[in-house]
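Asker: The following block contains the structure, expressed as structure tokens.
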Ligand SMILES: Nc1nc2c(ncn2[C@@H]2O[C@H](COP(=O)(O)OP(=O)(O)OP(=O)(O)O)[C@@H](O)[C@H]2O)c(=O)[nH]1
Ligand SMILES: [Mg+2]
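Residue numbers (this note's numbering), protein chains in the order written: chain U, 11 to 85; chain Y, 9 to 720.
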């Protein structure tokens, strides 16, 4: 299964599953990161540990730790 | 703003109390500023407002009370500020909700709206940022949207002030209307379950203020408060199995084991429908938005951090270069002012109190206003352009290594202005451990009030070309120390799991000159006000303590010696000596002499020790105390009697370095300590902070002193 943290810059993906729990999951959901949502990787921060993604019209920064919890597939 | 808060509104028929709710950074605070004459803090990142604020104003025949609440993405208690909003909405009394929405991102904002719709309150939607929507070619049919949602929607812009009156008219109208009936529709399985629960509640005539449909929705969503209420009701035993079955059914339909996820998806699909109906994209969306273009440079993986450091360096360079121009004028002004006022006062004591006490003390603080203004402008730009979140993003990896959360950057940067709002804004951190850790190191970010101390000492010991660089080094050095301290604390006191980092990156916005002006002017006025009141009082106190008790025997002894001295030079030396001896036996001198041994290893004389101690009240007092002490005990023959010269003459270089290090680290001012204690949640934290900062300050300043001695 492909996960968000190993995806490359510029890739356009579709969210398949959220493996996060509790509060974090709530937060991702309220950012619009949910099943079927389209997600694009915009930028990696220095050290590659943080990424910037675009969901809908919104830009979101997250760490690879969190990105690992988002299962995606190529579209 | 303050006067608005103090004034209490009479409770009369025409009073409307509004709760302003919306996701972060949609312009809630700015909207209030544009309908009233309030000056709430506005900034282009999530989490500017962290506490509720009431603002009163009148419109037509109505008294309005608007409550500005922290932005919240969803009805959750993710962070403290979101809890503030959630608790307010559920527990306080208010008439109407204005739901502020960013018109350029309807789908995301409507997620919160959907949740508000089952709350049993009348709502008015403010489609804010309509100016931006227009620029982006978005055409929103507000009246159709009102019809679809059953909620009046009004297009407004807090910047251009378009539509503000329509919004208020809509609020007045809604207050007269009956309760709104939510037009939210769910997928078939959810509707089936809702219908069943409604039928059941109706059968048992369950007594609720909210509609049965809303109660059913809230029950299905696992809303804690609704549960608590129904839990004690006899119908609960029968209702519970129905709810369990219903949840299973819905979860199955959504292929998820989380009912909240299922509801988020339900809302999203409803909202997609709304957006498809009411929004028309007039222009073709550009491949890359302006924000993305700017981002490709500013958050470039390699160039990003150097660019940020360059901006910082430039800021401190400007602080010195431009800041020092008016400084000579201010200095000259206070010199002239002191002489002029002094000439009109015949009583020696009173003259000295006014000239050497108040004017010297306040003058020493006001001297640095230009530097402070430049620093404030820098911070205001960082806050209002959207760059703040970018730097948090850039530094997150780096911060993470030191055990800090990337979002800590926001309170830390605020700390360069003043620690008090910085302590407050640490609320945006979700985890208590992260928050406490951040609270402990905010003090390492030198606040605006420490700037005068640095400028004074750096000005005294470095050439003007170097001064800006040294100032930059002092600030960066302080921040670095803060990071190291964070690491130490993380490894010892605040051990634990790392918290998730998920943060919205706002689009870049060009701040209006008016906005910057307001932010900077109000902060500067606060600084000046403080100089005129608190600092003036402190300076008077310092003057008194350094002039009394009088020692007539000593004075006479010296008078005689001076009389009998032969040469002019000898006379001057003797009278300088007299001043010095008198100062040393004053109350302040006694205190200073008493504590001097403790500070001796750091190379501080008693005057510096006293300045540090008075600085506990406020950091500006460090400078004003030095101002008074050197004005009173200053050399009589000195032509250029500015404080800078006095410092460079009387204080050795190594001691000055140690002094800067000490001021950089030691306990924040009284007001900030109080806020720290409140935000940290207990007096014990204050003692930890005191011990932590004092030990660190002492140790590092000792090292700095010896290093400087060794090197020079
Ligand atoms: N173009 C445009 N910008 C706006 C408008 N309203 C607000 N802004 C900008 O949006 C940003 C956020 O404004 P705030 O008033 O701080 O937002 P808030 O909703 O109070 O944010 P939080 O307190 O963090 O929840 C600021 O940079 C404002 O200048 C508007 O109508 N048009
Ligand atoms: Mg706000």
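The C-beta atom is built at its ideal place from N, Cα and C for all residues, glycine as well. Please read these numbers as outputs of a predicted model, since none were measured by experiment.
Three Cβ pairs or more, each shorter than 8 angstroms: is that satisfied between the stretch 650-670 of chain Y and the stretch 378-392 of chain Y?
Answerer: No, the stretch 650-670 of chain Y is not in contact with the stretch 378-392 of chain Y.
Asker: Look up residue 105/Y in the DSSP assignment and give the residues it is bridged to.
Answerer: Residue 105/Y is bridged to 27/Y and 131/Y.
Asker: Please determine whether the Cβ atom of residue 629/Y lies at a distance below 7 angstroms from any heavy atom of ligand 2.
Answerer: For ligand 2, not one heavy atom lies less than 7 angstroms from the Cβ of residue 629/Y.
Asker: Any beta carbon of chain Y sitting closer than 8 angstroms to that of residue 48/U?
Answerer: Not closer than 8 angstroms to any Cβ of chain Y, the Cβ of residue 48/U fails to qualify, so no.
Asker: Under a Cβ-count criterion, where at least 16 other Cβ atoms within 10 Å of its own Cβ denotes burial, should residue 49/Y be classed as buried or exposed?
Answerer: Buried is the call here.
Asker: Is the shortest distance between the beta-carbon of residue 218/Y and the beta-carbons of chain U less than 8 angstroms?
Answerer: It does not; no Cβ of chain U falls within 8 angstroms.
Asker: Output the distance between the C-alpha atoms of residue 59/Y and residue 24/Y, rounded to the nearest integer angstrom.
Answerer: C-alpha separation (whole angstroms): 21 angstroms.
Asker: Using a cut-off of 8 angstroms between C-beta atoms, extract the partners of residue 113/Y located in chain U.
Answerer: Near residue 113/Y (Cβ distances below 8 angstroms), the residues of chain U are 66, 67 and 68.
Asker: Would you mind sorting residue 116/Y into buried or exposed? The rule is 16 or more other CB atoms within 10 Å of its CB.
Answerer: So residue 116/Y ends up on the buried side.
Asker: Can you check whether the C-beta of residue 81/U is within less than 8 angstroms of a C-beta belonging to chain Y?
Answerer: Not one chain Y Cβ lies under 8 angstroms of residue 81/U.
Asker: Beta-carbon within less than 7 angstroms of residue 54/U's beta-carbon, same chain only, minus the 5 sequence neighbours each way: which residues are those?
Answerer: Counting only Cβ-Cβ distances below 7 angstroms, and skipping sequence neighbours, we find 19 and 61.
Asker: DSSP three-state label for residue 71/U, please.
Answerer: Residue 71/U: strand per DSSP, three-state reduction.
Asker: Does DSSP classify residue 61/U as helix, strand or coil?
Answerer: Of the three classes helix, strand and coil, the one that applies to residue 61/U here is strand, per DSSP.
Asker: Compare the Cα-Cα distances from residue 82/Y to each of 97/Y, 669/Y, 399/Y and 185/Y and report the closest residue.
Answerer: Per the Cα distances, 97/Y.
Asker: Could you name each continuous beta strand (DSSP E) segment of 3 residues or more that falls completely within the stretch 230-281 of chain Y, going from the start of the chain to the end?
Answerer: With a minimum length of 3 residues, no continuous beta strand (DSSP E) run stays inside the stretch 230-281 of chain Y.
Asker: Do the stretch 504-514 of chain Y and the stretch 409-419 of chain Y touch if we need at least three Cβ pairs shorter than 8 angstroms?
Answerer: With the cut-off at 8 angstroms, the stretch 504-514 of chain Y and the stretch 409-419 of chain Y touch.
Asker: I want to see whether chain U comes within less than 8 angstroms of residue 276/Y, judged by CB atoms only; does it?
Answerer: Yes, its Cβ sits closer than 8 angstroms to a Cβ of chain U.
Asker: Checking the sheet assignment: what are the DSSP bridge partners for residue 136/Y?
Answerer: Answer is 110/Y, bridged to residue 136/Y.
Asker: Could you tell me whether the Cβ of residue 81/Y comes closer than 8 angstroms to any Cβ of chain U?
Answerer: Interface residue, yes.
Asker: For residue 71/Y, which beta-bridge partners are listed by DSSP?
Answerer: Its beta-bridge partners are 23/Y and 66/Y.
Asker: Please indicate yes or no: does the CB of residue 36/Y lie closer than 7 angstroms to some heavy atom of ligand 1?
Answerer: For ligand 1, at least one heavy atom lies less than 7 angstroms from the Cβ of residue 36/Y.
Asker: Checking 8 angstroms against the spacing of the C-beta atoms, do residue 458/Y and residue 615/Y come in under that value?
Answerer: Cβ distance not < 8 angstroms, so residue 458/Y and residue 615/Y don't count as in contact.
Asker: Does the beta carbon of residue 408/Y sit closer than 8 angstroms to a beta carbon anywhere in chain U?
Answerer: With 8 angstroms as the cut-off, residue 408/Y counts as an interface residue toward chain U.
Asker: Examine ligand 1 and report whether any of its heavy atoms sits within less than 7 angstroms of the Cβ of residue 171/Y.
Answerer: No.
Asker: From residue 540/Y to residue 175/Y, what does the alpha carbon distance come to, in whole angstroms?
Answerer: Cα to Cα, the separation comes out at about 42 angstroms.
Asker: Which residues of chain U have a Cβ atom closer than 8 angstroms to the Cβ of residue 135/Y, listed in chain order?
Answerer: Chain U residues near residue 135/Y: none, gap ~15 angstroms exceeds 8 angstroms.
Asker: Taking 7 angstroms as the limit between beta carbons, can you name the residues of its chain near residue 73/U, skipping five residues before and five after?
Answerer: Only 59 and 60 meet the Cβ criterion.
Asker: I'd like the span of the beta strand (DSSP E) that includes residue 161/Y, first residue to last.
Answerer: Start and end: 161-163.
Asker: Report the residue from 31/Y, 152/Y and 159/Y whose alpha carbon sits nearest the alpha carbon of residue 110/Y.
Answerer: Closest option to residue 110/Y, Cα to Cα, is 31/Y.
Asker: Please give me, in chain order, every unbroken run of the alpha helix (DSSP H) with length at least 4 that falls completely inside the stretch 520-555 of chain Y.
Answerer: Runs found: 521-538 and 544-555.
Asker: With hydrogens ignored, establish whether the beta-carbon of residue 164/Y is closer than 7 angstroms to any heavy atom of ligand 2.
Answerer: No, the beta carbon of residue 164/Y sits no closer than 7 angstroms to any heavy atom of ligand 2.
Asker: Assign residue 704/Y to one of two classes, buried (16 or more other C-beta atoms within 10 Å of its C-beta) or exposed (fewer than that).
Answerer: It is buried - the Cβ of residue 704/Y has at least 16 other Cβ atoms within 10 Å.
Asker: Please name the residues in the stretch 29-41 of chain U whose beta-carbon is closer than 9 angstroms to at least one beta-carbon of chain Y, in chain order.
Answerer: Cβ contacts with chain Y come from 30, 31, 33, 34, 35, 36, 37, 38, 39, 40 and 41.
Asker: Quick check: does the Cβ of residue 63/Y come within less than 7 angstroms of any heavy atom belonging to ligand 4?
Answerer: In terms of ligand content, the structure shown lacks ligand 4 and carries ligand 1 and ligand 2 instead.
Asker: Please tell me whether, using a cut-off of 7 angstroms, the distance from the CB of residue 206/Y to the nearest non-hydrogen atom of ligand 2 is below it.
Answerer: Residue 206/Y: no, Cβ never under 7 angstroms from ligand 2.
Asker: Could you check whether the Cβ of residue 510/Y sits closer than 8 angstroms to any Cβ belonging to chain U?
Answerer: Residue 510/Y counts as touching chain U.
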